[in-house]
Amino acid sequence: PKFDVLNTRDYVAYTRQAYLNSSDPDISLEKNLYGRDEAGEVARLQNYSPQFDPESPYFIGENGPFYDWQDAVANKNAVNQNYNLKVSGAGEAADYYISFGYTEQESVLQGAGLDRYNLAVNINTDVGKYIRTGFNYKITYQESDDSPAFGLAEAASSPTWQPIYDPSNRFGFAPVRRLYDDNGVWDPYRLYGVQTRSNTLAFQELNLQQFNLTRNMGQAYAEVEPINGLTIRGALSLDYTYQQRVTFEDV
Numbered sequence: 265p266k267f268d269v270l271n272t273r274d275y276v277a278y279t280r281q282a283y284l285n286s287s288d289p290d291i292s293l294e295k296n297l298y299g300r301d302e303a304g305e306v307a308r309l310q311n312y313s314p315q316f317d318p319e320s321p322y323f324i325g326e327n328g329p330f331y332d333w334q335d336a337v338a339n340k341n342a343v344n345q346n347y348n349l350k351v352s353g354a355g356e357a358a359d360y361y362i363s364f365g366y367t368e369q370e371s372v373l374q375g376a377g378l379d380r381y382n383l384a385v386n387i388n389t390d391v392g393k394y395i396r397t398g399f400n401y402k403i404t405y406q407e408s409d410d411s412p413a414f415g416l417a418e419a420a421s422s423p424t425w426q427p428i429y430d431p432s433n434r435f436g437f438a439p440v441r442r443l444y445d446d447n448g449v450w451d452p453y454r455l456y457g458v459q460t461r462s463n464t465l466a467f468q469e470l471n472l473q474q475f476n477l478t479r480n481m482g483q484a485y486a487e488v489e490p491i492n493g494l495t496i497r498g499a500l501s502l503d504y505t506y507q508q509r510v511t512f513e514d515v
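Residues 265 to 515 (the working numbering) make up the sequence shown, in order.
In structure tokens, the structure reads:
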């Protein structure tokens with residue numbers, strides 16, 4: 265389920281009305297929402313909402329665009345699948361069991377998923393009348409994407425007039441700040457007013473947080489029954505785990 269949010273037109277109307285209804289005589293629509301008294305363009309864009317001001321060149325219109333961040337963050341066709349293959353058999357002097365499994369799990373939200381592979385082998389063999397040997401071995405390999413999920417609540421709080429994607433951007437995502445002025449001087453400001461949010465979908469796509477796990481477990485044994493009712497058994501066990509975390513964050 266999605267949060268029920270206002271479209272851009274209604275959000276602007278309600279915000280304007282909130283300022284108009286203020287009982288504080290020092291608060292006005294033009295000064296405190298639009299920032300018309302702010303001389304600096306950057307300060308106005310950074311601290312106010314000139315996008316709501318009909319007299320501003322940044323005005324988004326009375327029927328501004330609507331970008332559905334909740335729809336963008338949802339993984340509508342999340343795949344969850346599990347496959348298993350098992351083979352077993354036995355003869356006069358030996359028996360065996362082999363299994364292979366694969367699991368894929370995708371989150372209902374973008375940015376998380378898991379792939380797991382399992383292999384198990386079990387073999388037992390009689391060596392003559394008095395000796396029995398065998399081994400069992402299991403290995404699991406797992407890859408998981410641990411990128412922080414962009415939840416519906418966070419998506420619902422993103423301004424609906426802030427675009428998500430930009431085909432002209434080399435990464436395909438809409439930027440949220442202008443960093444330099446026309447002369448190449450560092451002068452950052454928010455592109456969509458004080459309500460501007462980070463483009464978390466871009467962070468998820470362009471950054472990497474991956475966790476890999478490999479676990480090996482096994483045992484080999486030998487049994488000797490020199491006389492009826494007396495069994496001597498020796499075993500060697502293995503339990504080895506390897507973990508790797510891969511992280512890349514754009515600066």
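Think of the CB as a built atom: it goes at the ideal place given N, C-alpha and C, for glycine as much as any other residue. Since the structure is predicted, the reported quantities are computational estimates derived from the model, not experimental observations.
Beta-carbon contacts of residue i that lie in its chain and below 8 Å, excluding the five residues immediately before and after
i: Asn-339; result: Glu-370, Ser-371, Val-372, Leu-373 and Gln-374
i: Gly-355; result: none
i: Ser-313; result: Thr-279, Leu-297, Tyr-298, Gly-299, Gly-457, Val-458 and Gln-459
i: Leu-349; result: Ser-363, Phe-364 and Gly-365
i: Asn-534; result: Given a span of 265 to 515 for the chain in the structure shown, any question on residue 534 remains unanswerable.
Unbroken alpha helix (DSSP H) run spanning residue i, endpoints
i: Ala-303; result: Ala-303 -> no alpha helix (DSSP H), and no H or E assigned at all.
i: Val-397; result: The sequence as given places Thr at residue 397; Val does not occur at that position. That residue, Thr-397, is in no alpha helix (DSSP H); its beta strand (DSSP E) goes 395-409.
i: Ala-336; result: 333-337
Sequence-distant residues of the same chain with beta carbon closer than 6 Å to residue i, five excluded per side
i: Ile-403; result: Leu-383 and Asn-480
i: Ser-352; result: Tyr-361
i: Trp-425; result: Thr-272, Ile-324, Gly-328 and Pro-329
i: Ala-419; result: Trp-333, Gln-334 and Val-337
i: Gln-310; result: Tyr-453 and Arg-454
i: Lys-295; result: Asp-301
i: Tyr-347; result: Tyr-366
i: Ile-496; result: Val-488
i: Glu-407; result: Asp-379 and Asn-476
i: Leu-500; result: Ala-484
i: Asn-344; result: Gln-369
i: Tyr-381; result: Tyr-366 and Tyr-405
i: Ala-486; result: Thr-397 and Gly-498
DSSP-derived helix/strand/coil call for residue i
i: Gln-473; result: strand
i: Ala-419; result: helix
i: Val-343; result: coil
i: Gln-508; result: strand
i: Lys-295; result: helix
i: Pro-431; result: coil
i: Phe-267; result: coil
i: Leu-465; result: helix
i: Phe-437; result: strand
i: Gln-483; result: strand
i: Asn-311; result: helix
i: Thr-495; result: strand
Integer Cβ distance of residue i from residue j, believed to fall under 8 Å
i: Phe-475; j: Asp-410; result: 5 Å
i: Asn-388; j: Asp-359; result: 5 Å
i: Asp-514; j: Asn-471; result: 6 Å
i: Leu-416; j: Phe-267; result: 6 Å
i: Pro-427; j: Tyr-331; result: 5 Å
beta-carbon residue i near the ligand SAM non-hydrogen atom, thresh 8 Å
i: Leu-284; result: Here there are no bound small molecules, and the ligand SAM is not part of this structure.
Residues that residue i bridges to, as DSSP identifies them
i: Thr-279; result: The partner list for Thr-279 (beta bridge, DSSP) is empty, contrary to what the question assumes.
i: Glu-489; result: None; Glu-489 has no bridge partner.
i: Arg-442; result: Tyr-453
Sequence-distant residues of the same chain with beta carbon closer than 7 Å to residue i, five excluded per side
i: Val-306; result: Asp-451 and Tyr-453
i: Tyr-394; result: Val-488, Glu-489 and Pro-490
i: Val-391; result: Thr-397
i: Tyr-429; result: Gly-436, Phe-437 and Ala-438
N-terminal and C-terminal residue of the beta strand (DSSP E) that residue i is part of
i: Gly-365; result: 358-370
i: Val-385; result: 377-391
i: Asp-451; result: 450-454
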